[in-house]
Every structure is written in structure tokens, then in C-alpha cells.
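Remarks on the structure that follows.
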Amino acid sequence: MTTTEGKAIAVRHERIDEAAAGQRIDNFLLRMAKGVPKSHVYRILRSGEVRVNGRRVQQTYRLQAGDEVRIPPIRIAAPVHAAPAPAGRPLPVVYEDDALIVIDKPSGKAVHGGSGVSYGVIEQLRVQRPELRMLELAHRLDRETSGLLIVAKKRSALTALHDMMREGRVEKRYLTLVPGRWANPLQHVKAALHKYLTAEGERRVRVSEEGKPAHSVVRLVRRWPDYSLLEVELKTGRTHQIRVHLAHLGFPLCGDDKYGDFALNKRLEAEGLKRMFLHAAKLSFEHPLTGERLSFEAPLPEDLQRFIDGLDSRQGRANG
């Protein structure tokens, strides 16, 4: 990160609000003092220079709303501020309360900046909602994937959502179009996935016994002579899981530029499919703070629905 010369700050006292509640004190300090070596942050914790409500705390202490944190003078590197993310068109909000936001992410928008992308969904939300002290992604979607995405507004909600996802208590279902006639109304796909880098340094995933367990549940939704519309429920959340599982079975996603049928993709583009056909259509989970059951659906975006309509006219109405 490019920085200007470091500068010292005086003793600070930070009052913890609900957005930061639930965060460990060491992580809180590392976020507050970007550029400070981790070893220094842990040293001031061990020495007692950091106090919470006037008392020393362990690095594992989880902050609570109303806590007052004393932060000693720390020499920090002041970052050179990049141009702010442009606000752009407001992101479609499906649901919002004081703990979280569910948006319907457009295709082509990364969830966060990095890897050649200057800004993404989270940066845009922070520009559009400057009054919110915390906005953090609860999970991710590939850049080309459209659909439902959860953003946490409180640290306690984020922690709970991460726990729920790790335990498989967030139901996520996607719609995808594949070439060929998928046979089974319901099929469980269990194949371990291994991440690796290509010779060019690009991230890829393959089915391998060396990988982590991965489980997808595939349901047939509609079928044409040459294509099948599938609903895929993720039981695990591995990188590129749907794309690699289906390609491994001989049904690569239409428009997939990493694991797909490239010759087919060119033909599909000429027929109007300009991107990967993958849409996060359904989400269901218990509210991380209240326990209320929440369920959301996002219809196919216009571009994908238009392509489906075109299939109906070219290949006849879909059948089971």
C-alpha cells in the first residue's frame, strides 16, 4: 500500500456502538491502526496500554456495545487516499433492517475491489450509505454471477452469519443453464474440490481427492432438446463449486469463460447470451440476531430471461 510519512496520534477513546459489538479487541485495533505491525498491536495489549472500561483485557476479549476503549498514541502510516468509488446507480435492495442488507447484485459487478477491479459492491454501498459505520460482506458471489447477496451492518450479525454458513444453516439456491439434457429430477453431487494456480497465475478449481469436501444438490427445472435449466442448492460453499461440479459431470455452465465449452459460448453470444448463466435466486436463513426465519427470491435478470424466452421460440416450450 502506498503511504505518506507516518504520523503520531494522541491517546484516543472510542465508544463501541452496536455495529462494532462482538468484534475481538485485537481485530478492532488492527482495523483502527492500519499500517501498524501486528506485533506492536499485540505488545500494547499485553502491556496494558489498551484499556476497556479502564481495565486490561486479553486479546481475545469481545467488545460489547457501550464499551469505552482507550487506545494509546500509535505512529501510523497515513494512506494516500484513492479517488472515492463512484456512487453509480443505487443497488437494488431486497431487504434491510438494522442488522443486515440483502441486495440483488447485478452481473458484471465485483463484490469488492481488488484483482484489477478498482471498486465493487461493498465500496459502492459505503459511498451511497455514508451514515452506516459498518458494512461488510457476509459471503461472496463471482463477478458475473447475479443475485442475492447479504451485507452485514453489525459485527454481531456478521459473526453469526459466518457461523451459520460454516454450519450449513443458510440455504442458497442458484439457477443455471447447461447444454444437453440433464436426466435426473434430483441428484446429489459430492466431489472434493482443490484450488490451484495456473501457469499464468490465475486461480482455478478442479475435482480432486486432495481437495475439500463439496456437496451440491441439483434439481431439474426445465428442459429443451439441447439445454437444461437447473436449480443448484449449495450444501458447502467452495470456490466455483457449481461451475466445477457441473463441468466435471459434462454439463459446463453456458457462458462460463473458465470451465465452459468455449466454442459453444461463442455461438451462445451470437444468440444473445453475453455472460455466464448463473443467478443466486433464493436465500433462506434465520435472522442472525432475532432468530426469525427469512426467505428471499430474486427473479432471473432481464438478459437471462430474454435468452430463456428465445429458447422457447427456437426449440419449443420446455418440458420436464
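Residue numbers (the UniProt record's numbering): 1 to 320.
By construction, the Cβ of each residue, glycine as well, lies at the ideal position given by its N, Cα and C atoms.
Local conformation of residue i per DSSP, three classes
i: Asp104; result: strand
i: Phe296; result: strand
i: Gln59; result: coil
i: Ser284; result: strand
i: Leu273; result: coil
i: Lys266; result: helix
i: Ser39; result: helix
i: Val80; result: Residue placement at Val80 is flagged as unreliable, the pLDDT there being 43, under the threshold of 50; a coordinate-derived value is accordingly withheld.
i: Met302; result: Before going on, a small fix: residue 302 reads as Glu here, not Met. In the structure shown, Glu302 sits in a helix (DSSP, three-state: H, G or I).
i: Arg24; result: strand
i: Thr4; result: Low confidence applies here, because Thr4 scores a pLDDT of 37, under 50, leaving its location unreliable; read the following figure in that light. Thr4: coil per DSSP, three-state reduction.
i: Leu246; result: helix
Residue burial classification, residue i (beta-carbon count within 10 angstroms, cutoff 16)
i: Gly250; result: exposed
i: Glu167; result: exposed
i: Val93; result: exposed
i: Leu304; result: buried
i: Thr60; result: exposed
i: Thr198; result: exposed
i: Asp163; result: exposed
C-beta contact flag for residue i and residue j at 9 Å
i: Ala298; j: Ala270; result: no
i: residue 321; j: Ile150; result: Within the shown structure, residues of the chain are numbered from 1 to 320, placing residue 321 beyond reach of any answer.
i: Leu29; j: Val41; result: yes
i: Gln124; j: Leu177; result: no
i: Val52; j: Val69; result: yes
i: Leu311; j: Tyr174; result: no
i: Gly260; j: Phe307; result: no
Sheet register partners of residue i (DSSP bridge)
i: Ile149; result: First, the residue type needs correcting, since residue 149 is Leu and not Ile in the sequence shown. Ile103, per the DSSP bridge assignment.
i: Glu171; result: Ser284
i: Val205; result: Lys195
i: Lys190; result: His215
i: Glu96; result: Ile101
i: Val178; result: Ser228
The ligand GTP heavy atom lying under 8 Å from the CB of residue i
i: Glu96; result: The ligand GTP is not among the ligands present in this structure, which contains no ligands whatsoever.
Cβ contact check for the segment 288 to 298 and the segment 97 to 114: 3 or more pairs under 8 Å: Contact between the segment 288 to 298 and the segment 97 to 114 is present, because at least three Cβ pairs lie under 8 Å.
Three CB pairs or more closer than 8 Å across the segment 250 to 268 and the segment 127 to 135: Between the segment 250 to 268 and the segment 127 to 135, the count of C-beta pairs closer than 8 Å stays below three; the two stretches do not touch.
The segment 212 to 229 in contact with the segment 182 to 198 per 3-pair CB rule at 8 Å: The segment 212 to 229, when compared against the segment 182 to 198, does touch it at the 8 Å Cβ threshold.
Meets three-Cβ-pair contact criterion under 8 Å: the segment 16 to 28 and the segment 55 to 73: With a cut-off of 8 Å, the segment 55 to 73 and the segment 16 to 28 count as touching, because enough Cβ pairs lie within range.
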